[in-house]
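Colleague: Chains as they are written, first to last, in the numbering used here: chain A, 198 to 444; chain B, 32 to 313.
All C-beta atoms in this analysis are idealised placements derived from N, C-alpha and C, irrespective of residue type, glycine included.
Small disclaimer: the values here were computed from a predicted structure and weren't measured.
One structure, pasted below without further comment.
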């Protein structure tokens with residue numbers, strides 16, 4: 198039965214949903230994930246100190262999300278549950294980012310085609326190689342598209358521009374401080390400055406210091422540590438010295 | 032991938048998540064027909080003496096390595112002291128199979144809560160979680176598969192060590208100075224009672240724990256002593272402001288060597304002896 202006036206072509210429907218999701222994602226700030234010489238750093242622009250964009254999933258796996266907080270946070274929790282249940286049923290070493298990324302893709306794809314509205318999120322799932330294996334970086338879009346990325350990966354409204362700026366300064370031999378500095382300048386661009394307090398930084402360390410009983414590679418850096426990594430405290434100290442010299 | 036409707040969400044409880052996804056964490060034991068005396072068709076491994084002592088730096092936890100099945104030794108190198116998370120430890124006595132399963136679920140629960148909620152449970156909250164697991168285990172305990180743990184930890188905000196003792200019904204009792212559980216607990220407890228002082232440093236608390244385990248092994252056939260031939264020593268762990276640390280076999284061996292040297296020379300240098308006679312301290 199034809200319904201004049203109410204018919205929407207599948208192409209148009211998908212296009213509208215994609216536009217809707219993209220608009221939602223574009224409202225939020227971006228997130229950069231990049232490999233450094235000792236692991237993977239996740240750096241997000243985030244004014245909130247408690248509503249987090251970057252989190253721990255499992256021993257070697259971390260999660261980053263941009264877009265609507267409540268939606269990517271639910272995905273994060275589902276990921277923790279998936280990983281914990283799998284590790285409980287089999288073994289901790291059987292929990293992998295690749296299978297988790299596929300699960301996320303399936304879920305996002307399902308939301309995109311079957312629900313009233315798509316999820317307005319973009320996420321990354323990364324796994325650090327601790328025994329000499331390569332790191333894994335997966336980027337998953339609102340429609341369930343999975344991309345296997347090398348070296349670095351950017352998500353969020355401004356992702357293309359940020360990616361360009363990361364690629365200009367990227368080198369796989371960067372240490373963790375240099376990686377965080379690069380991520381900040383890439384997130385900020387030329388016109389803005391981002392303070393340490395507005396950055397959320399976490400790392401997955403390939404070699405965990407004091408590994409005698411620690412298997413969890415994920416570590417969150419607090420504001421003071423981020424300031425040290427960025428060299429802001431030294432810069433501030435230098436400024437102060439210069440001021441004193443002037444007076 | 033598990034996804035729940037709001038209102039039906041299992042929240043930060045891992046055991047509840049297991050139940051919702053169709054695997055009962057403590058199932059299986061309930062169906063087994065076990066006689067209360069432990070001599071029925073099931074005669075699984077039994078874990079014995081564990082203890083915890085408060086020190087000025089935090090708390091020390093120790094356990095022997097023997098597991099028995101009736102009158103036989105089933106394992107010489109069993110582990111009964113486990114890190115529960117980075118600032119706490121759990122030590123177990125009782126039926127080994129269910130006890131190890133309970134520890135595993137407990138460890139997973141603490142880490143799961145920390146990840147879901149974004150911050151770790153308080154020490155009190157952790158102690159209550161373990162009590163709840165024991166309560167869930169009560170039917171099996173009544174059938175002869177009792178598990179009796181000790182929980183000890185350090186609360187960074189408090190800056191002191193705390194320890195908790197339990198019974199099979201899930202009763203939770205906070206102890207101020209020391210706690211013991213298992214078949215050799217009576218003898219170990221007496222040594223701790225006599226040797227405990229309020230200003231016990233971490234090395235002294237470790238020495239006292241080793242002395243207590245030694246005497247428990249001396250009197251109780253189900254408690255294992257140090258085994259220098261195989262290099263197997265009781266597990267010693269210390270929790271303080273730097274978190275959980277288990278001593279290596281070599282370090283534990285040294286603490287035992289000191290005790291042996293002391294016993295050989297007449298026992299004048301033990302923590303108990305150093306306390307002096309009761310009159311002297313008054």
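Find the nearest neighbour of residue 421 of chain A within the set A/395, A/272, A/317, judged by alpha-carbon distance.
Modeller: A/395
Colleague: Does the stretch 280 to 290 of chain A come into contact with the stretch 233 to 248 of chain A, if we say contact requires no fewer than three beta-carbon pairs (one atom in each stretch) closer than 8 Å?
Modeller: no
Colleague: Helix or strand or just coil, what does DSSP make of residue 293 of chain B?
Modeller: The answer is helix: DSSP assigns residue 293 of chain B an H, G or I state.
Colleague: Check for me: the beta strand (DSSP E) holding residue 234 of chain B runs from which residue to which?
Modeller: Note, residue 234 of chain B: premise wrong, no beta strand (DSSP E); alpha helix (DSSP H) at 233 to 250.
Colleague: Apart from the five residues just before and just after residue 100 of chain B, which ones in its own chain have a Cβ nearer than 8 Å to its Cβ?
Modeller: 74, 75, 76, 77
Colleague: Rank B/248, B/233, B/256, B/205 by C-alpha distance to the C-alpha of residue 278 of chain B and give the top, closest one.
Modeller: B/233
Colleague: Can you name, in chain order, every residue of its own chain whose Cβ lies under 7 Å from the Cβ of residue 227 of chain A, other than the five neighbours on each side?
Modeller: 242, 263, 351, 352, 353, 354, 355, 356, 359, 384
Colleague: When you compare each of B/230, B/148, B/264 to residue 208 of chain B by their alpha carbons, which one comes out closest?
Modeller: B/230
Colleague: Please classify residue 404 of chain A as buried or exposed, where buried requires at least 16 neighbouring CB atoms within 10 angstroms.
Modeller: Residue 404 of chain A is classed as exposed because its beta carbon has fewer than 16 other beta carbons within 10 Å across all chains shown.
Colleague: Please classify residue 212 of chain A as buried or exposed, where buried requires at least 16 neighbouring CB atoms within 10 angstroms.
Modeller: exposed
Colleague: Taking only beta carbons into account, state which residues of the stretch 139 to 165 of chain B come closer than 9 Å to chain A, listed in chain order.
Modeller: 139, 142, 143, 145, 146, 147, 149
Colleague: Does DSSP classify residue 391 of chain A as helix, strand or coil?
Modeller: coil
Colleague: Hey, how far is the Cα of residue 382 of chain A from the Cα of residue 393 of chain A?
Modeller: In a straight line, the C-alpha of residue 382 of chain A is about 12 Å away from that of residue 393 of chain A.
Colleague: Could you spell out where the beta strand (DSSP E) holding residue 184 of chain B opens and where it closes?
Modeller: 178 to 186
Colleague: List the endpoints of the continuous beta strand (DSSP E) containing residue 210 of chain B.
Modeller: 209 to 212
Colleague: Applying the 10 Å Cβ sphere with the 16-neighbour rule, what's the burial state of residue 339 of chain A?
Modeller: buried
Colleague: Residue ranges of each beta strand (DSSP E) run of no fewer than 3 residues wholly in the stretch 212 to 253 of chain A, ordered along the chain?
Modeller: 228 to 233, 236 to 242
Colleague: What is the residue span of the alpha helix (DSSP H) that residue 136 of chain B lies within?
Modeller: Segment 127 to 148, the alpha helix (DSSP H) holding residue 136 of chain B.
Colleague: Among B/297, B/254, B/250, B/236, whose alpha-carbon lies nearest the alpha-carbon of residue 286 of chain B?
Modeller: B/236
Colleague: Using the rule of at least 16 other Cβ atoms within 10 Å of the residue's Cβ for burial, across every protein chain shown, is residue 332 of chain A buried or exposed?
Modeller: buried
Colleague: Determine whether the beta carbon atoms of residue 171 of chain B and residue 140 of chain B lie at a separation below 8 Å.
Modeller: no
Colleague: Please compile the residues from chain C whose C-beta is within a distance smaller than 7 Å of the C-beta of residue 396 of chain A.
Modeller: The question asks about chain C, but that chain is absent: this structure's protein chains are A and B.
Colleague: Please report the distance separating the alpha-carbon of residue 303 of chain A from that of residue 402 of chain A.
Modeller: 29 Å
Colleague: Going by the DSSP bridge assignment, what does residue 334 of chain A pair with across the sheet?
Modeller: Residue pairing by DSSP places residue 334 of chain A opposite A/323, A/346 in a beta bridge.
Colleague: Residues in the stretch 253 to 276 of chain A with C-beta within 7 Å of chain B's C-beta atoms, listed in sequence order?
Modeller: 253, 274, 275
Colleague: Closest to residue 173 of chain B by CA distance: which of B/184, B/138, B/125, B/148 is it?
Modeller: Considering only alpha carbons, the answer is B/125.
Colleague: Check the Cβ-Cβ distances between residue 231 of chain A and every residue of chain B, and say whether any is below 8 Å.
Modeller: no
Colleague: Hey, how far is the Cα of residue 200 of chain B from the Cα of residue 166 of chain B?
Modeller: 5 Å
Colleague: Can you tell me which of B/105, B/274, B/258, B/221 puts its alpha carbon nearest to the alpha carbon of residue 240 of chain B?
Modeller: B/221
Colleague: Helix, strand or coil for residue 114 of chain B, going by three-state DSSP, please let me know.
Modeller: strand
Colleague: Which residues in the same chain as residue 297 of chain B place their Cβ atom closer than 6 Å to its Cβ, once the five residues preceding and following it in sequence are excluded?
Modeller: Taken in chain order, the list of residues that qualify is empty.
Colleague: Excluding the five sequence neighbours on either side, which residues of its own chain have a C-beta within less than 8 Å of the C-beta of residue 389 of chain A, listed in chain order?
Modeller: Nothing listed; no residue qualifies.
Colleague: Pull up the distance between the alpha-carbon of residue 238 of chain A and that of residue 248 of chain B, whole angstroms please.
Modeller: 51 Å
Colleague: So if I threshold CB-CB distances at 8 Å, which residues from the stretch 39 to 61 of chain B count as touching chain A?
Modeller: 45, 48, 49, 52, 54
Colleague: To the nearest angstrom, how far is the alpha carbon of residue 305 of chain A from that of residue 215 of chain B?
Modeller: 56 Å
Colleague: For the 8 Å Cβ check, are there 3 or more pairs between the stretch 33 to 46 of chain B and the stretch 127 to 134 of chain B?
Modeller: no
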